[in-house]
Each structure stands twice: as structure tokens, then as C-alpha cells.
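**Student:** Before I ask anything, let me first share the structure, which is written out below as C-alpha cells.
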């Protein structure tokens with residue numbers, strides 16, 4: 021069975037068939053599946069129940085068993101089937117002529133999307149899309165999105181560097197209210213994403229809402245939540261995972277995503293800047309702002325570039341025997357030079373692994389705002405043909421033991437760019453574990469302590485104060501005495 025990873029979520033690969041359902045639950049599963057067959061027949065308006073050998077029924081029962089065995093939170097089979105039944109009934113009402121396969125896929129989509137914001141059914145288009153993302157090139161708008169539970173709209177987590185969405189000025193926290201003339205409210209996330217995708221070169225109009233700020237000419241001088249419209253042309257999004265330049269004797273490294281090329285590109289960037297600086301680098305700024313995440317192994321590799329043989333992240337799911345701990349290897353790419361990492365609420369998933377590991381081991385200070393708080397692991401599994409499922413199977417924990425999911429990673433210095441009026445965006449508290457313990461706050465510093473010259477200087481309209489402060493702090497060697505925890 022083929023497996024793959026997807027680049028904009030923290031993902032893992034699960035080999036082989038689903039785990040067996042615990043014997044004590046077999047009766048409940050059987051009852052729930054019988055109920056599903058009855059409701060499927062009733063929805064179709066036929067007295068004949070689907071055969072236990074029917075390929076669509078087998079597809080549904082296989083996915084249900086996977087969910088019961090592997091999802092990070094235990095579920096009740098009857099409750100899951102009720103969600104599925106609601107989905108197939110909705111599909112039948114909207115499309116009276118829907119095929120059995122279309123009804124089955126609608127049932128799976130409704131059941132999986134009810135689990136958490138990240139689990140989903142992947143039809144052939146979405147399955148291919150995730151494969152393309154892994155390879156670092158795909159067609160679309162180039163935005164990571166999620167559902168906003170309060171408004172029922174689609175919320176932008178972060179635009180991808182150089183993408184149509186980034187060029188149009190979309191920001192973290194923006195809400196998508198309409199796609200062309202279709203109202204987003206009432207859509208599920210899968211359908212909304214499908215509407216935004218399309219052939220390269222075609223256009224789509226998004227009606228946006230932004231809290232408290234305009235968006236260029238269309239939204240200038242509008243008040244909070246005033247809608248504005250942007251037109252975007254779908255394009256091949258080539259993710260360049262690493263960009264770099266020298267800020268004097270300080271290396272600036274922008275990591276935009278964690279795909280298959282990231283750690284190798286990072287090595288090349290450091291080597292080239294070391295050559296340009298004639299071996300006299302003072303330190304490095306790692307910019308992970310608006311980086312929505314990516315591949316787990318790449319996050320571990322990037323963190324390992326700056327850490328010794330220490331813990332980087334642990335992944336914990338339902339089965340303790342499947343828990344994994346990822347550790348580094350000896351050697352530091354920057355040989356102990358000071359590091360500042362820039363983060364914001366658009367920094368998610370794999371970005372938070374790197375930020376949390378370097379902060380916990382006192383290897384870097386974090387400047388910016390609290391990261392998004394996406395600390396769960398999704399396993400992508402292919403099903404029959406070219407479809408699959410994405411299932412949340414574990415959560416990840418920082419070396420200190422802190423849970424990232426919902427809490428995010430807090431900076432040592434809270435600071436925003438002068439022109440950054442975007443609203444911070446974080447997971448809906450209703451989707452969070454109410455019993456989870458918040459990680460201890462990191463040691464906090466004032467801008468006057470780390471970069472007094474930047475603090476005293478008048479803010480320029482387009483100044484990147486987090487970057488300016490990071491460079492100043494490295495150059496004045498404040499890092500050596502301030503980086504540790506009290």
C-alpha cells in the first residue's frame with residue numbers, strides 16, 4: 021500500500037494495514053456498521069441493504085476501523101456513524117442522482133472532518149495535491165488555511181512565500197468569506213479548498229475580511245471586518261524552502277517551508293554566507309514567520325543542524341509502544357554562534373518543533389509573537405485506487421515535555437514589525453484538550469535589554485523591527501549572557 025507525506029502539515033507515514041480494533045469493541049463496531057448499512061439504503065430509497073462484500077461498504081468499514089484504532093482520541097463507533105449518515109444524507113439532498121461512491125465519500129468526509137481540524141478524506145484531486153506539495157511544487161494559490169469556528173469562514177494560517185496569495189497581500193488571520201460568488205459559510209474545508217484550486221492560469225476572486233486594517237486600495241480606510249475583494253491567478257507554486265542574505269556579518273536565513281529540499285538548502289546557505297563573510301560570521305537569524313510547517317524528518321534535521329546529541333521532539337499517540345523520540349547528532353553547523361529565531365502566529369507545525377527545541381536547549385532566543393499551536397501529527401494512508409485519508413494519530417512534545425498543540429511556542433521577546441497589523445490566529449479552544457497542562461513560560465526580555473538602539477530609534481513605516489533587533493542583539497554579543505533560562 022502506497023504511502024506519502026504532505027508538506028504543509030506535520031505528517032508521518034504508517035506502513036501496512038490498520039491496527040485491529042480491541043476485541044471488547046467488536047460488538048459495538050458491528051452494531052454501528054449495521055446501522056450505517058440501514059441508513060445508506062434508506063437514504064437511497066431502496067429496501068436492499070448494501071452487501072457486506074460491496075466495495076463502497078468495505079471502504080467505509082475499513083476507514084471506520086482505522087479511525088477507532090488509530091485516531092489520537094478514542095471515539096464511539098455509533099457517534100462516528102451518525103456523523104457519516106448526516107454527510108451522506110446531505111449529499112443526497114444536494115445531488116439526488118449521486119452515485120453510491122459519491123455518497124460513500126460524502127459519508128467519509130463528514131465522519132473524518134468531525135474528528136478534528138486536520139483529519140480529512142482525500143479524494144483523488146486532494147490526494148494528488150498532497151503528493152505535489154511534498155515534492156515542493158504544485159498548482160494553486162499558495163495558502164495554508166483552516167476553518168474559523170466562530171465565524172464559519174475559512175481563516176488564513178499563512179501564505180507561502182512568492183505565491184499568488186502572498187503577492188496579493190493576504191495575511192495570517194484574514195478570513196475568506198466568498199470564493200467567486202459562492203458564500204463560504206456552510207461549506208466544509210475540503211469543498212472550499214477544492215473551489216480555490218483549479219487549472220494553472222485561471223483566476224479566482226476571494227472576498228476577504230480583515231480585522232481592523234485595510235488591504236491596499238480595495239480595503240483602504242475600511243473598518244474592522246470590512247470586506248474587500250482580491251483577484252488571484254492560479255499558478256505553479258514552486259516552494260523555495262530557504263532564502264538567505266548577509267546583514268553585515270550576520271547571516272539571515274528565511275525558511276519558508278519544510279519540504280524534501282529544506283535541510284540540504286540550509287547547508288548550502290550557511291556555507292555560501294560563511295564564504296561571503298570570509299569565515300567571520302557573528303551569528304544567524306532564522307526567520308520562520310508564516311512558515312506553515314512540513315515534513316517531520318526535515319524539522320528534526322534542521323533543528324539537529326544547530327544542536328548536539330540531545331532530544332529534539334517526542335511523538336506520542338494512543339499506543340505507548342508506538343511513541344517515538346527524535347534526538348540529534350553531534351555537531352553544530354554554526355559552531356555555537358548566537359542564533360535568534362523569528363516566529364509569529366503563522367509559524368506552525370514543523371516550525372514549532374524547531375523553535376521549541378532550540379529554545380528549550382537554550383540554543384536560540386525567539387523574537388516575535390506566539391506561534392500558531394499546531395502540535396499534532398497526521399498520518400496519510402492510501403486506500404483503494406487514488407484516494408486516501410489524513411488522520412490525526414499523535415501529538416508532539418518539546419524536549420522540556422511541553423505540549424505545543426494549542427499552546428504554541430512563546431517568544432523570549434514579544435515584538436512585531438511596524439506595519440504588521442494582522443490579527444494573531446490560533447486554534448479554536450473548543451478543539452483543544454481541556455486537561456492539557458500549559459508549558460512553563462520562557463525567560464522573557466525587554467527590547468531595551470536586547471537592542472537598546474533599535475528601541476530608542478523612531479519606527480519607520482516599513483521597518484522590520486524583529487529582524488533589526490535580532491541583528492543588533494547578535495552584533496553586540498548580548499546573546500552569550502542572556503540566552504539561558506533563569
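In my numbering, the protein residues as written are 21 to 506. Idealized CB from N, CA, C, for every residue including glycine. Keep in mind the model is a prediction, meaning the values are calculated, not measured.
(1) Give me the Cα-Cα distance between residue 353 and residue 305, rounded to the nearest whole angstrom.
(2) DSSP state of residue 371, grouped into three classes?
(3) If you draw a straight line from the C-alpha of residue 351 to the C-alpha of residue 328, how long is it?
(4) Could you compute how far the alpha carbon of residue 255 sits from the alpha carbon of residue 186?
(5) Among 465, 473, 426, whose alpha-carbon lies nearest the alpha-carbon of residue 451?
(6) In the DSSP assignment, what are the bridge partners of residue 229?
(7) Around the C-beta of residue 310, are 16 or more other C-beta atoms found within 10 angstroms, so that it is buried, or is it exposed?
(8) Under a three-way DSSP split, which group does residue 120 fall into?
(9) Leaving aside the five residues before and after residue 247 along the sequence, list all residues of the same chain whose C-beta is less than 7 Å from its C-beta, in chain order.
(10) Less than 8 Å separating the beta-carbons of residue 494 and residue 303?
(11) Taking three-plus beta-carbon pairs below 8 Å as touching, is the stretch 74-92 in contact with the stretch 396-411?
(12) Decide if residue 253 is buried, meaning its Cβ has at least 16 other Cβ atoms within 10 Å, or exposed.
(13) Scan the stretch 355-407 and note each continuous alpha helix (DSSP H) run of 4 residues or more that stays entirely inside, going in chain order.
(14) Work out the CA separation of residue 134 and residue 415 for me, nearest whole Å.
(15) Look at the alpha carbon of residue 235 and the alpha carbon of residue 268, and state the distance between them as a whole number of angstroms.
(16) Note down, one range per segment and in chain order, each alpha helix (DSSP H) of at least 4 residues found wholly within the stretch 270-334.
(17) On a CA-only basis, which of 370, 373, 293, 428 is nearest residue 520? Give me that one, please.
(18) Relative to the C-alpha of residue 360, which residue among 63, 490, 322, 168 is closest?
(19) What do you reckon, are the CB atoms on residue 47 and residue 181 nearer than 8 Å?
(20) To the nearest angstrom, how far is it from the Cα of residue 402 to the Cα of residue 473?
(21) Across which residues does DSSP place residue 220 in a beta bridge pair?
(22) May I ask you to report which of helix, strand or coil DSSP gives residue 22?
(23) Can you tell me whether residue 428 is buried or exposed, with buried defined as 16 or more other CB within 10 angstroms of its CB?
(24) Do the stretch 317-333 and the stretch 447-462 make contact, defined as three or more Cβ pairs closer than 8 Å?
(25) How big is the Cα-Cα spacing for residue 128 and residue 107?
(26) Excluding sequence positions up to five away, which residues of its chain have a Cβ less than 8 Å from the Cβ of residue 169?
**Tutor:** On the basis of the data shown:
(1) 13 Å
(2) helix
(3) 6 Å
(4) 12 Å
(5) 426
(6) 195, 247
(7) buried
(8) Correct three-state label for residue 120: helix.
(9) 197, 227, 228, 229
(10) yes
(11) yes
(12) exposed
(13) Whole alpha helix (DSSP H) segments, 4+ residues: 370-380.
(14) Within the model, the alpha-carbon separation for residue 415 versus residue 134 is close to 18 Å.
(15) Reliability fails at residue 235, whose pLDDT of 38 lies under 50, so the model's placement of it is uncertain and no value is given.
(16) 282-296, 316-324
(17) Outside the displayed range of the chain (21 to 506) lies residue 520, so it cannot be described from this structure.
(18) 490
(19) no
(20) 55 Å
(21) Answer is none; residue 220 lacks a bridge partner.
(22) Note that residue 22 scores a pLDDT of 31, beneath 50, so its modelled location is shaky and nothing firm can be said.
(23) buried
(24) no
(25) Looking at the two C-alpha atoms, the distance is approximately 8 Å.
(26) Excluding positions up to five away in sequence, the list reads 448, 450, 451.
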